[in-house]
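Take the sequence shown: its position 70, counted from the start at 1, is 209 in my numbering, and no numbers get skipped. Written below as structure tokens is the structure these notes are about.
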Amino acid sequence: MNLVIDIGNSFSKVGVFDKNILIKYKEFKIFSVHDIKTFFSYTKITNSIISNVSNPDKKVFDFLNMNSNLVLFDSQLKLPFKNKYYSLETIGNDRIALVSQASNLYPNKNVLIIDLGSCITYDFLNEKNEYLGGGISPGLNMKLKALNDQTAKLPLVKKTKIEYLIGKSTECSILSGVVNGTRGEINFIIEEYKKRYKKIVIILTGGDSKFLFNHIKNGILAEPKFLLSGLNFLIDLNKKE
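Here you go:
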């Protein structure tokens, strides 16, 4: 069995895979080595991997290293794609996992992966299986929080689905600017990629993908565990026989 862990900015997501099948999944707001031990009591874990964008608990690493074959995101990691990014060592583990899964599912195709989470990341894999890079911008909640944090009087507004353009109150104006602006950003980026690459698959994933999906053109809503599946794929590429 493979144990995959995605430590994000808001939540930690943990899954157990039996080959390519996700058999157990759980989300944690606060994540510790105690939580990991419950997965080991559930089934026999042979291999593990951690993707982290925050600072993980060292005890988690130590436990996994002692009790499983821990696949590390280091210079020895075998990747399923050719890297053309200038500084792969600075790129988030989550982005590497997403591109790996895109390479696995869409061989010989141009693929743009848009991950809609705390940040919005754009990652492009071309039909030659070359990872060229992409872009990063603030996500919905980050934009809403920034307006409140960096101004004197603007309130913190909860993310809400809207269909209007013109906001008739301060709260509605913030939502119009943030939600419609984000929709416009994503659709603009997609159109620019489509101008350069005529045949392209657009993958939408991340926590806000369902929230924004109906207003994004030409996007394919990925399976909810797309990133975890990418981590599982990396284990299979790198595990010790």
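Glycine residues also receive a C-beta, built at the ideal position from the N, C-alpha and C atoms.
> At which residues does the beta strand (DSSP E) containing Thr260 begin and terminate?
Replying inline: 258-264
>> Can you give me the C-alpha to C-alpha distance between Gln215 and Arg335, rounded to a whole angstrom?
In response: 33 Å
> Are the beta-carbon atoms belonging to Asp347 and Gly231 less than 8 Å from one another?
Replying inline: no
> Given that a residue counts as buried once 16 or more other Cβ atoms are within 10 Å of its Cβ, and exposed if not, what is Ile144?
Replying inline: buried
>> Quick check on the burial criterion: 16 or more other C-beta atoms within 10 angstroms. Buried or exposed for Pro294?
In response: exposed
> For Thr182 versus Met140, is the C-beta distance shorter than 8 Å?
Replying inline: yes
> Taking just the CA atoms, how far does Leu304 sit from Lys221?
Replying inline: 42 Å
> In or out: Tyr332 buried (at least 16 other Cβ within 10 Å) or exposed?
Replying inline: buried
> The alpha helix (DSSP H) spanning Glu324 covers which residue range?
Replying inline: 320-335
> Is it right to say Lys364 is buried, meaning 16 or more other beta carbons lie within 10 angstroms of its own, or is it exposed?
Replying inline: buried
>> Count Cβ pairs between the stretch 236-245 and the stretch 365-372 that sit closer than 8 Å; are there 3 or more?
In response: yes
>> Measuring only the C-alpha atoms, how far is Phe352 from Tyr261?
In response: 15 Å
>> Using only CA atoms, which one of Asn159, Gly358, Gly320 lies nearest to Glu302?
In response: Gly320
>> Quick check: the Cα distance between Leu154 and Asp233, rounded to an integer number of angstroms?
In response: What sits at residue 154 in the sequence shown is Gly, not Leu. Whole-angstrom Cα-Cα distance: 15 Å.
> Around the C-beta of Asn287, are 16 or more other C-beta atoms found within 10 angstroms, so that it is buried, or is it exposed?
Replying inline: exposed
> Between Asn265 and Tyr224, what straight-line distance do the alpha-carbon atoms span, to the nearest angstrom?
Replying inline: 12 Å
> Which whole-angstrom value is the C-beta distance of Lys282 and Val317, which I expect to be below 8 Å?
Replying inline: 5 Å
>> Please give me, in chain order, every unbroken run of the beta strand (DSSP E) with length at least 3 that falls completely inside the stretch 164-200.
In response: 186-191
>> If you measure between the beta carbons of Ile329 and Asn357, is that distance less than 8 Å?
In response: yes
>> Could you compute how far the alpha carbon of Leu209 sits from the alpha carbon of Val172?
In response: 15 Å
>> For a quick check, are the C-beta atoms of Leu218 and Ile342 less than 8 Å apart?
In response: no
> Thr290 by DSSP, collapsed to three states: which one?
Replying inline: coil
>> Taking the beta carbon of Gly273 as the centre, do at least 16 other beta carbons fall within 10 Å, making it buried, or is it exposed?
In response: buried
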